[in-house]
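Taking our numbering, the leading residue of the sequence shown gets 200, the next gets one more, and so forth. In this text, a Cβ means the ideal position worked out from N, Cα and C, and glycines have one as well. Here is the structure we will look at, set down as structure tokens.
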Amino acid sequence: MQQELQKIIIGQDEVIQQIFAAIFTRGHCLLEGVPGLAKTLMVSTLAQILDLGFKRIQFTPDLMPSDITGTNVLDEDEHGRRSFRFVEGPVFTNILLADEINRTPP
């Protein structure tokens, strides 16, 4: 798996090793770096290689908790009956990329 990822991401061998260590120990990763280091490509490619679900959240100052977790939506069926249905947010995935978390409100 590591070799497959290294075919796409060049020159980031140590970062790739640390990401795999975090995944196999059921941990989390915080990738920091200037734009253009292939952080997003690395995570999305990793999800493809492992055949896992992948979603990305772009954090902005106006992001609401329901934008991440999901929300209840009122549905009406063909008989006019109303019921709530939970629409999952992007947090319901295997691999989640939280991009620019420094921009989120406190």
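Do you know whose CA, among the options, lies nearest residue i's CA?
i	options	result
I248	T303, D261, P305 and Q202	Q202
V272	D266, V286, V242 and G279	V286
E299	Q216, E231, R225 and F219	E231
A237	D212, R281 and T270	D212
Q217	I207, L229, N301 and I209	L229
F219	V242, R281 and P260	V242
T258	D276, I209, N301 and D250	Residue identity differs from the one stated: residue 258 is Phe in this sequence, not Thr. Here the closest residue by C-alpha is N301.
Are the beta-carbon atoms belonging to residue i and residue j less than 9 Å from one another?
i	j	result
L296	T239	yes
I256	P304	no
Where residue i and residue j are concerned, what is the direct C-alpha to C-alpha distance, given to the nearest angstrom?
i	j	result
T244	L204	7 Å
G279	D266	28 Å
T268	T224	24 Å
Residues in the same chain with beta-carbon distance under 6 Å from residue i, minus the five sequence neighbours each way, listed in chain order, please.
i	result
G252	T292 and N293
R284	V272 and D274
Give every residue of the same chain whose Cβ lies closer than 8 Å to the Cβ of residue i, excluding the five residues on either side of it in the sequence, and list them in chain order.
i	result
A246	G252, F253, N293 and I294
Which residues in the same chain as residue i place their Cβ atom closer than 7 Å to its Cβ, once the five residues preceding and following it in sequence are excluded?
i	result
T270	V286
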